[in-house]
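Numbering (the numbering used here), first residue to last: 37 to 176. Worksheet for the structure shown next.
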């Protein structure tokens, strides 16, 4: 990858979104976008709470104003907005989550860098041989 970007995933996602935009009514698309984005915000707010508690000494380039109040308020506000959407949106969200989890775990089972590293570590570590650490992205 010349540009160090996931170009294949970007093209595939673009095609998928274009097909969906051409086939689904605008109301369905906007509701899916709303509930999906709000769900993502809820997950991020939970992650902020968890990371602040489990890794309090980590250096962070930003600060959450008002401490834990901000992510809690974000969770409550997003959930309030999510519950204002029609019930079929929740079913669509659950369906897409199920599809996404199946794809994620199916792919990661055979392509996990960490799993390959752990297997390598198990095989070589038992023999006392050096183990090469898993690759990771370099800072930009």
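In this text, a Cβ means the ideal position worked out from N, Cα and C, and glycines have one as well.
How would you label residue i, buried or exposed, when you count the other beta carbons within 10 angstroms and need 16 or more for buried?
{"i": "residue 74", "result": "buried"}
{"i": "residue 78", "result": "buried"}
{"i": "residue 21", "result": "Nothing about residue 21 can be read from this structure; the chain reaches only from 37 to 176."}
{"i": "residue 57", "result": "exposed"}
Got a sec, what are the start and stop residues for the alpha helix (DSSP H) residue i sits in?
{"i": "residue 52", "result": "43 to 59"}
{"i": "residue 76", "result": "62 to 90"}
{"i": "residue 27", "result": "Because the chain spans 37 through 176 in this model, residue 27 falls outside it and cannot be assessed."}
{"i": "residue 129", "result": "123 to 147"}
Just the C-alpha distance for residue i and residue j, rounded to the nearest angstrom, thanks.
{"i": "residue 41", "j": "residue 121", "result": "35 Å"}
{"i": "residue 71", "j": "residue 44", "result": "26 Å"}
{"i": "residue 176", "j": "residue 123", "result": "Any answer about residue 176 is weak, because its pLDDT of 48 lies below 50 and its placement is not dependable; what the coordinates show is given next. For residue 176 and residue 123, the distance between alpha carbons rounds to 43 Å."}
{"i": "residue 142", "j": "residue 54", "result": "25 Å"}
{"i": "residue 61", "j": "residue 148", "result": "37 Å"}
{"i": "residue 63", "j": "residue 52", "result": "18 Å"}
{"i": "residue 159", "j": "residue 140", "result": "26 Å"}
{"i": "residue 157", "j": "residue 92", "result": "30 Å"}
{"i": "residue 47", "j": "residue 103", "result": "39 Å"}
{"i": "residue 39", "j": "residue 49", "result": "18 Å"}
Going by C-alpha to C-alpha distance, which of the options sits closest to residue i?
{"i": "residue 80", "options": "115, 144, 67", "result": "115"}
{"i": "residue 101", "options": "84, 90, 113", "result": "84"}
{"i": "residue 65", "options": "125, 152, 151, 105", "result": "125"}
Cβ pair count under 8 Å reaching 3, the segment 132 to 139 against the segment 96 to 113: They do not touch, by the three-pair rule.
Contact the segment 119 to 134 vs the segment 86 to 106: 3+ CB pairs below 8 Å: no
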